[in-house]
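Numbering (our numbering), first residue to last: 141 to 245.
See below for the structure under consideration.
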């Protein structure tokens, strides 16, 4: 399943729909309007040029398209976190409409 940023320069491929989508209520995600699907590290493929922003504890890199600026995903080198977050708002709304949205920090 593929999603993309507004200009199409960054394409994110996920193995399947997540069981649920997290509308994280933290201040950053709230401002960005992101809704996250979580996938095991190494199962998400990202093509295209992104820019990273490290927030707070500097362990999570939030990536956005280098051209249009749309937030696409986050990743980390922290070995305790074994998943990657993908902004599900970059996927076809009709396809993800059947997935439950929760709000967990």
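C-beta: ideal position from N, C-alpha, C; glycine also.
Residue i - containing beta strand (DSSP E), residue span
i: residue 151; result: 151–153
i: residue 179; result: 176–180
i: residue 170; result: No beta strand (DSSP E) contains residue 170, which is instead part of the alpha helix (DSSP H) from 167–172.
Residue environment, residue i, which counts as buried when at least 16 other CB atoms sit within 10 Å
i: residue 162; result: buried
i: residue 224; result: buried
i: residue 173; result: exposed
i: residue 240; result: exposed
Residues that DSSP places opposite residue i in a beta bridge
i: residue 192; result: 203
Delimiting residues of the alpha helix (DSSP H) encompassing residue i
i: residue 160; result: Counting along the chain, residue 160 falls outside any alpha helix (DSSP H), though it belongs to the beta strand (DSSP E) covering 160–162.
i: residue 235; result: 233–236
CB contact below 9 Å: residue i versus chain D
i: residue 168; result: In the displayed structure, chain D is absent; only one protein chain is listed.
Task: Given 8 Å, three or more beta-carbon pairs between the region 181–189 and the region 230–238 - done: Flag = no, the region 181–189 and the region 230–238 do not touch.
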